[in-house]
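Student: Quick one: this structure, given as structure tokens, is what I'll be asking you about.
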Amino acid sequence: MMFPMFKQLIVQMFRKPFTNPFPAKYAPKSMKKFMEDVEKGKAKINPPVEIPDEETFRGRILYDRDKCIGCQLCIKVCPSKAIEFKKEEKKIRIYIGRCIFCSQCNDICPTNALSMGNEFLLASDSKVNDELVVE
Amino acid sequence: MAHEYELSIGPIHPALKEPIMIRVKVEGEEIVDVDVIASQNHRGIEWLGMNRNNAIQSIYLAERVCGICNFCHPSCLVMAVEEIADIEVPERAQYIRVIQGELERIHSHLLWAGVAAHELGFDTLLHYVWMVREKVMDVLELVNGNRVTKSIIMYGGVRRDIKEEHVEHIRKMLDYYRNAFSKLAKFFLEDKTMEKRTREIGILTERDAIELAAVGPTARASGIKKDVRQDFPYFAYPDFDIHAITPDELTGYTVGDVYDRIVVRLLEVKQSIDIIEEALNEMPSGEIIAEKKLVKLMAKIKASEGEAVARYEAPRGEDIHYVKLKKGFEPLYSWKVRAPTYINILSWRPMLVGYQIADIPIIAASIDPCMSCTNRIAVVKDGKERIFTSDYFHELSVKKTRRLMK
Chain A
375 MMFPMFKQLI
385 VQMFRKPFTN
395 PFPAKYAPKS
405 MKKFMEDVEK
415 GKAKINPPVE
425 IPDEETFRGR
435 ILYDRDKCIG
445 CQLCIKVCPS
455 KAIEFKKEEK
465 KIRIYIGRCI
475 FCSQCNDICP
485 TNALSMGNEF
495 LLASDSKVND
505 ELVVE
Chain B
1204 MAHEYELSIG
1214 PIHPALKEPI
1224 MIRVKVEGEE
1234 IVDVDVIASQ
1244 NHRGIEWLGM
1254 NRNNAIQSIY
1264 LAERVCGICN
1274 FCHPSCLVMA
1284 VEEIADIEVP
1294 ERAQYIRVIQ
1304 GELERIHSHL
1314 LWAGVAAHEL
1324 GFDTLLHYVW
1334 MVREKVMDVL
1344 ELVNGNRVTK
1354 SIIMYGGVRR
1364 DIKEEHVEHI
1374 RKMLDYYRNA
1384 FSKLAKFFLE
1394 DKTMEKRTRE
1404 IGILTERDAI
1414 ELAAVGPTAR
1424 ASGIKKDVRQ
1434 DFPYFAYPDF
1444 DIHAITPDEL
1454 TGYTVGDVYD
1464 RIVVRLLEVK
1474 QSIDIIEEAL
1484 NEMPSGEIIA
1494 EKKLVKLMAK
1504 IKASEGEAVA
1514 RYEAPRGEDI
1524 HYVKLKKGFE
1534 PLYSWKVRAP
1544 TYINILSWRP
1554 MLVGYQIADI
1564 PIIAASIDPC
1574 MSCTNRIAVV
1584 KDGKERIFTS
1594 DYFHELSVKK
1604 TRRLMK
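Line by line, the protein sequences are chains A and B.
Everything in the first sequence is counted per this note's numbering, starting at 375 for the first residue and increasing by one.
Everything in the second sequence is counted per this note's numbering, starting at 1204 for the first residue and increasing by one.
Listed below in structure tokens is the structure:
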């Protein structure tokens, strides 16, 4: 056959697009304005694809401050050196901007103070704002 | 006599792992000589592994040697360290490693197939193949928690088990790919344009392939039955019946051209599907890691001494890691990575000589290099320099396709 894809092309014309149009069906002219509209309730975000398994998913890290005993093992294994030790309080501070979401600190933590969350939309204009620093 | 020009392709593409430069001498449209200038960039990965990181941190560094094959580099490193530290890996972990490795092969080969179609100007096929590829990416996200970087391997086993409810999803994916395979084979191998652009183009003879020590699908497409999984099986591969795939299995004969490289990669996707199915059926139960306490594990690695070489059949060919450990020294004492592309770029010369400029993108892409080169060409004529962009280059390729279709 000369063009075996021809049939597929015709079929594709009547199908819904395969990709999920996130955050809006058509790209807004100004993303900043679009986000402001969303906050005011004027526009709606087309939701991202759902997380397939919340148990295995590795999103923004969650830190249980009370469980932490300040043993610094997580600092020792963190491949990207994203964790800082606060000497006075004997607690840690995690910079998500540097985190590579490998969850190695979760594995080594003796008291299970660390776990992986489900949040993954972490774009921000500053790498040290409240959302990107966990303490 | 016709003028001879020299085109330089490369050397830098900011998004890619191995910036490389090809200098091509052309006479009119025809390529008469090729020179490859490698080592355009140094990332210091081995240095970091030998100075800054401890052994566990190095796994994640090795994962980032290459984004696409982010399972083969850490597993190669882990295999070498396991041999030195004498760590016995539980059987279930070995099966999970095989499944992960084959999932990676499927997604890497499909990604390449899409890129190859794009280089020929056949973007419809590119989008179709990448749509098909999305299925395996979904499974990777489900099983590992992230779409691309798996972070699953650890010295002495794997970090996460494959859950019972995930097995069903993997089986569904396998069925999907069995159905998609016949369609993909038809789109790639029976299309007239595809055949015209790839048959008898970029031939690497068996002799050249042996002399240049080509590895992986590049060597197999030239008829060399060479596969680390077959020759020196690692993980749980000794339990599987694996043979090196050559294109004559489907077409009946071997030419060693770009078309054959497509055939080999498509057949390998099929082979991977069968391996995953067999592994799921025969996976034993039990432990998934030899030493659960990571502090103990780190102490054990720190106390071991020796050197080892590990070989792994990555989607692009044989990957080799050499590791040396010294007692009391926390980072790796010595670490050398040899990625498959290093070897395969040498085969560009025999592949390119005698073909046209418009064939450069597809021939260069046909070894599945870990970088898309061809980002610009500078033509020097009478002391004046003209720079062509990759778009112009792509346009040339598309034009050739159009010309052939007439």
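All C-beta atoms in this analysis are idealised placements derived from N, C-alpha and C, irrespective of residue type, glycine included.
Small disclaimer: the values here were computed from a predicted structure and weren't measured.
To which residues of the same chain is L1607 (chain B) closer than 8 angstroms at the C-beta, ignoring the five residues directly before and after it?
Tutor: T1396, K1399, R1400
Student: Anything in chain A within Cβ reach of M1334 (chain B), meaning under 8 angstroms, just list it in chain order.
Tutor: F392
Student: If you measure from the beta carbon of R1246 (chain B) to each beta carbon in chain A, is any gap under 8 angstroms?
Tutor: no
Student: Could you check how far apart the C-beta atoms of I1427 (chain B) and A1416 (chain B) are, in whole angstroms? I think they sit under 8 angstroms.
Tutor: I1427 (chain B) to A1416 (chain B), Cβ: 10 angstroms. No contact.
Student: Compare the C-beta of S477 (chain A) with all C-beta atoms of chain B and state if any pair is closer than 8 angstroms.
Tutor: yes
Student: Please list, in chain order, the chain B residues whose beta carbon lies closer than 8 angstroms to that of K470 (chain A).
Tutor: A small fix is needed here, since residue 470 (chain A) is Ile in this sequence, not Lys. I470 (chain A) does not reach chain B, its nearest Cβ partner there being about 15 angstroms away, counting only Cβ pairs nearer than 8 angstroms.
Student: Can you pull the chain B neighbours of P378 (chain A), defined as C-beta to C-beta under 7 angstroms?
Tutor: K1389, F1390, E1393, D1394
Student: L1387 (chain B) and L1483 (chain B) - do their beta-carbons sit closer together than 8 angstroms?
Tutor: No, the Cβ-Cβ distance between L1483 (chain B) and L1387 (chain B) is not below 8 angstroms.
Student: Let me know if L488 (chain A) comes out buried or exposed under the rule of 16 or more other beta-carbons within 10 Å of its beta-carbon.
Tutor: buried
Student: Look up Y1536 (chain B) in the DSSP assignment and say whether it is helix, strand or coil.
Tutor: coil
Student: Identify the contact partners of I1259 (chain B) in chain A, using a Cβ-Cβ distance below 7 angstroms as the criterion.
Tutor: V451, Q478
Student: Look up V1301 (chain B) in the DSSP assignment and say whether it is helix, strand or coil.
Tutor: helix
Student: I'd like to know if Y1263 (chain B) contacts chain A, where contact means its C-beta is closer than 8 angstroms to some C-beta of that chain.
Tutor: yes
Student: Where does V1583 (chain B) fall in DSSP's three states?
Tutor: The predicted position of V1583 (chain B) is uncertain, since its pLDDT is 47 and thus under 50; no value can be drawn from it.
Student: With DSSP run on the structure shown, which of helix, strand or coil describes D1341 (chain B)?
Tutor: helix
Student: Answer yes if the stretch 1263-1274 of chain B comes into contact with the stretch 1227-1241 of chain B, meaning at least three C-beta pairs across the two stretches below 8 angstroms, and no otherwise.
Tutor: The stretch 1227-1241 of chain B vs the stretch 1263-1274 of chain B: no contact.
Student: Pair every Cβ in the stretch 1312-1326 of chain B with every Cβ in the stretch 1456-1472 of chain B, then say whether three or more of these pairs are closer than 8 angstroms.
Tutor: Cβ pair count under 8 angstroms is three or more, so yes.
Student: Per DSSP, what kind of secondary structure is A1218 (chain B) in: helix, strand or coil?
Tutor: Residue placement at A1218 (chain B) is flagged as unreliable, the pLDDT there being 31, under the threshold of 50; the coordinate-derived value follows with that caveat. In this structure, A1218 (chain B) counts as coil in the three-state DSSP scheme.
Student: Counting only Cβ pairs nearer than 9 angstroms, list the residues of chain B close to Q382 (chain A).
Tutor: The contact set of Q382 (chain A) on chain B, defined by CB atoms closer than 9 angstroms, consists of T1327, Y1331, K1386, F1390 in chain order.
Student: Short of 7 angstroms in beta carbon distance, which residues of its chain neighbour P397 (chain A), apart from the five on each side in sequence? Order them along the chain.
Tutor: I419, N420
Student: Once DSSP output is grouped into helix, strand and coil, what is the label at K1505 (chain B)?
Tutor: helix
Student: Could you say which of B:W1250, B:E1285, B:V1284 lies nearest to V1268 (chain B) if we only look at CA atoms?
Tutor: Ranking the options by Cα distance to V1268 (chain B), first place goes to B:W1250.
Student: Look up G1270 (chain B) in the DSSP assignment and say whether it is helix, strand or coil.
Tutor: coil
Student: In whole angstroms, what separates the C-alpha of K1602 (chain B) from that of Y1263 (chain B)?
Tutor: 43 angstroms
Student: Note down, in chain order, every chain B residue with its Cβ under 7 angstroms from the Cβ of D427 (chain A).
Tutor: Residues of chain B passing the Cβ test: L1345.
Student: Around the Cβ of M376 (chain A), are there at least 16 other Cβ atoms within 10 angstroms (buried) or fewer (exposed)?
Tutor: exposed
Student: Residues in the stretch 1442-1453 of chain B with C-beta within 7 angstroms of chain A's C-beta atoms, listed in sequence order?
Tutor: none
Student: Rounded to the nearest angstrom, what separates I1479 (chain B) and L1306 (chain B) at their Cα positions?
Tutor: The alpha-carbon atoms of I1479 (chain B) and L1306 (chain B) are separated by roughly 8 angstroms.
Student: At least one CB of chain A closer than 8 angstroms to the CB of L1497 (chain B): is that the case?
Tutor: yes
Student: Consider the Cβ of S498 (chain A): report whether some Cβ of chain B lies at a distance smaller than 8 angstroms.
Tutor: no
Student: Measure from the alpha carbon of G471 (chain A) to the alpha carbon of each residue in A:N503, A:Y437, A:P426, then state which is nearest.
Tutor: A:N503
Student: Use the C-beta contact count for V1335 (chain B): other C-beta atoms within 10 angstroms, 16 or more gives buried, fewer gives exposed.
Tutor: With 16 or more Cβ atoms within 10 Å of its Cβ, V1335 (chain B) is classed as buried.
Student: Straight-line CA distance for S1575 (chain B) to K1353 (chain B)?
Tutor: Note on S1575 (chain B): pLDDT 31, under 50, position unreliable in the model; no value is reported.
Student: If we cut at 8 angstroms on Cβ distances, does N1547 (chain B) have a partner in chain A?
Tutor: no
Student: Where do the ends of the alpha helix (DSSP H) carrying M1376 (chain B) lie?
Tutor: 1367-1392
Student: In three-state terms, what does DSSP make of R467 (chain A)?
Tutor: Correct three-state label for R467 (chain A): strand.
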